[in-house]
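For reference, the structure discussed in these notes is given below.
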Ligand code: FAD
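Numbering (my numbering), first residue to last: 92 to 618.
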C-alpha cells in the first residue's frame with residue numbers, strides 16, 4: 092500500500108516536471124516577441140518561477156511557470172491577456188491570490204503566473220463608500236485588510252472565511268464560507284459588482300443588472316471566466332465585542348439537532364455564527380488557545396469515556412453585555428450539550444474574526460508543510476449514514492490524524508443557484524472539512540488515500556456529496572460535479588469569455604482549444 096502510494100506520488104511529480112518542461116519550452120518561444128510594456132513586468136528568472144511553483148497544499152511542487160507577471164494595474168492584466176490570446180501558441184495565465192489552494196489550482200505550469208499582490212504597486216486598493224453601504228476592494232486584497240479598513244468606519248462585511256489571509260478574488264472564485272453563511276450566505280452572495288478581465292483581455296464591469304451572465308458566472312467560477320480586479324462588497328455596522336462559545340456533545344444527533352435549530356432562528360434572536368468540530372478518539376485538545384487547563388482536563392475526561400466527541404462553536408456579537416448574557420441564557424436552555432461542558436471567551440470582534448491566524452502561523456513555522464485537505468458539502472438527509480461510515484467507520488481504523496475536522500450546517504436558500512458555485516440539492520446541507528496536515532510526502536499519500544476512501548464510500552452508498560474547493564482531473568467528473576444544466580452553461584460561458592482556455596489551468600477543467608472564429612477575431616486585432 093505505502094509503496095503504491097509512493098509510486099503514484101513519484102509519477103505525479105514526474106508528470107508535472109515533464110509537463111512543465113515541455114510547456115516551458117513552448118512558451119519560451121513567445122518570450123522574445125513580448126511588447127515592451129508587458130516585458131518590463133515579466134520576470135522569467137528561475138527565482139521568481141520557483142516562488143510560484145507550489146501552493147499551500149505543498150504537493151504540486153515543480154509546477155514551474157515560464158514567467159511571473161507583476162501587474163501594477165488592471166490595464167496591465169488586460170494587455171497581458173490580449174497578448175496571450177493572440178500569441179502562437181496561446182499561453183495559459185493563472186491569477187495567484189495568496190496561493191492558499193491545496194491542489195495546484197492557482198499554478199500555471201509552463202505559462203504565466205499573475206502575481207496579484209503586485210496590483211496597486213503596494214498601495215492598498217480598498218475604499219469604503221461615503222454612505223458606508225459597501226467597500227470596493229481590489230481582487231488581490233487580503234480579507235484581513237478589508238476588515239481593518241471597514242472597521243475604521245465602524246463597519247464590516249457580513250460573511251467571512253475562518254482565516255482572513257486569503258484574497259478577495261481567490262475566495263470569490265470559490266464561495267467563501269464560515270459560520271455566518273447560514274444567515275448571510277457565502278461571500279459570493281454579498282457582492283454587488285465586479286471588475287473582470289476576461290480571457291480575451293476585455294475589461295468588463297458586471298453586476299446583477301449589467302453583464303449578469305459574467306457576474307454570476309465568475310462568482311464561484313474557479314477563475315475560469317476572468318480575473319477579478321475589483322469587488323464591491325456589502326457592509327453592515329460592526330459590533331464591538333463577541334461572546335465565543337464551545338458546547339460539547341457525545342452524540343452527533345444532539346449536535347446536529349442543536350446546530351439546525353440555531354441556523355433556523357432569524358436575526359437577531361440566535362447565534363451570529365454557528366460551526367462545529369469532530370474530535371476523534373485519538374485526538375486531544377490542548378490549553379494553548381481557547382481552553383483553560385481545567386477545561387482541557389474536563390474535555391479529555393469526556394473523551395476517555397466516549398470514543399468520538401463533538402463541539403458546537405457559536406458566537407454572539409454584542410454592544411450591550413447584558414443583552415448578550417440574556418440571549419445566551421435563553422438559548423442555552425434549549426440546547427442539548429453535555430451538562431457543564433460549555434466554555435466561553437469574550438473577545439473583540441476583530442480578535443474573533445482573526446482567531447485562526449495565530450494557529451496557522453504556529454503551524455507554518457513548524458516543519459509541517461503539506462495539507463492534503465478534503466472539503467465536502469453533504470446533504471442533511473445523509474449525515475447519519477456519513478457518521479456511521481466515516482466518523483464511526485473509516486476514521487476509527489486510523490490511529491493518527493492531524494488537523495481539525497469541521498462540521499456545520501448551511502442553508503441553501505442563502506446561495507444563489509445562478510452562480511457557478513454548486514451545492515447539494517437539499518435546503519440544509521453540511522460542510523465537512525478534513526483539514527489534515529502531513530509532515531512528509533509519504534504521510535500526505537496516506538491522507539490522500541484516506542480522502543479517496545471517504546469519497547469512495549460516498550460514491551458506493553449513493554451519498555451525493557459536492558466537493559468544496561473541488562479537485563477533479565477528468566471532464567466527466569467535472570460535469571458530474573456541476574450537474575448537466577450547470578455544466579453546459581459553464582462551458583458556454585467559457586467559450587464566450589475564455590475561448591482559448593487560458594485562465595487558471597491548474598483547476599484542470601478545460602484544456603487549451605483554439606476556436607476558429609476567435610482565431611479570426613485575433614488576426615483582426617493584430618492588424
Ligand atoms: P489562490 O489559491 O491563489 O487562488 C485560488 C483560485 O482562484 C485559483 O484558481 C486562482 O487562479 C484563482 N484566482 C485567484 N485570484 C483570482 C482573481 N483575482 N480573479 C480570478 N481568479 C482568481 N475557504 C473558505 O471558504 N473558508 C475558510 O474558512 C477557509 N479557510 C482557509 C484556511 C486556510 C489556512 C487555507 C489555506 C485556505 C482556506 N480556505 C477557506 C480556502 C480558500 O478560500 C482557497 O484557498 C481560496 O483559493 C483562496 O485562496 P487564495 O486567495 O490564496 O487564492
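The beta-carbon is built from N, C-alpha and C at its ideal position, and this holds for glycine as well.
When C-alpha distances from residue 268 are compared across 297, 389 and 505, the shortest belongs to 505. Rounded to the nearest whole angstrom, the C-alpha separation of residue 368 and residue 252 is 16 Å. Residue 164 has its Cβ no nearer than 7 Å to any heavy atom of the ligand FAD. The straight-line gap separating the alpha-carbon atoms of residue 499 and residue 365 is approximately 7 Å. Under the DSSP assignment, residue 262 falls in the alpha helix (DSSP H) whose first and last residues are 259-263. In the DSSP assignment, residue 523 falls within the beta strand (DSSP E) that extends over 519-525. Assigned with DSSP and collapsed to three states, residue 159 falls in strand. Judged by pairs of C-beta atoms under 8 Å, the segment 526-537 does not touch the segment 397-413, as fewer than three such pairs exist. A contact is defined here as three or more CB-CB pairs under 8 Å, and the segment 181-194 fails this definition with respect to the segment 331-341. Going by DSSP, residue 418 is part of the alpha helix (DSSP H) stretching over 412-423.
A straight-line Cα-Cα distance of about 15 Å links residue 138 and residue 199. Going by C-alpha positions, residue 263 is about 20 Å away from residue 583. For residue 470 and residue 559, the gap between their C-alpha atoms comes out near 13 Å. Straight-line measurement puts the Cα of residue 216 at about 35 Å from the Cα of residue 361.
Taken through DSSP and simplified to helix, strand or coil, residue 557 comes out as strand. Residue 532: not part of any beta strand (DSSP E); member of the alpha helix (DSSP H) spanning 532-551, first to last residue.
The Cβ atoms of residue 401 and residue 461 lie no closer than 8 Å to each other.
Only residues of its own chain outside the window of five on either side were considered, and among them 339 have a CB closer than 6 Å to the CB of residue 432, listed in chain order.
Cβ atoms of residue 281 and residue 311 stay farther apart than 8 Å, at about 13 Å. In this structure, the straight-line span from the alpha carbon of residue 125 to that of residue 201 is close to 16 Å. In this structure, residue 262 has its CB closer than 7 Å to one or more heavy atoms of the ligand FAD.
If you draw a 10 Å sphere on the C-beta of residue 425, you find fewer than 16 other C-beta atoms in it, and that means exposed.
Note on the segment 318-353: whole beta strand (DSSP E) runs with a minimum of 3 residues are 332-340, in chain order. Here residue 327 has 249 as same chain residues with Cβ atoms under 6 Å from its own Cβ, once five neighbours each way along the sequence are excluded. Non-local beta-carbon contacts of residue 206 in its own chain, meaning distances under 8 Å to residues more than five positions away in sequence, involve 143, 159, 160, 161, 162 and 187 in chain order.
For residue 358 against residue 321, the beta-carbon gap comes to about 29 Å, at or over 8 Å, which does not count as contact. With a cutoff of 8 Å on beta-carbon distance, residue 235 and residue 210 are scored as not near each other. In this structure the segment 549-567 does not touch the segment 270-279; the number of beta carbon pairs closer than 8 Å is below three. Leaving aside the five residues that flank residue 478 on each side, the residues in its chain whose CB is nearer than 6 Å to its CB run, in chain order, 343. For residue 375, the number of other beta carbons within 10 angstroms of its own is below 16, and it is reported as exposed. Across the structure, residue 355 and residue 414 are spaced so that their CA atoms are roughly 20 Å apart.
Looking at 515, 510, 514 and 493, the one whose alpha-carbon comes closest to that of residue 537 is 493. Contact between residue 314 and residue 598 is confirmed by a C-beta separation of about 7 Å, below the 8 Å threshold.
Remark: the shortest separation between the CB of residue 187 and any heavy atom of the ligand FAD falls under 7 Å. If you check the CB distance, residue 372 and residue 341 do not come in under 8 Å.
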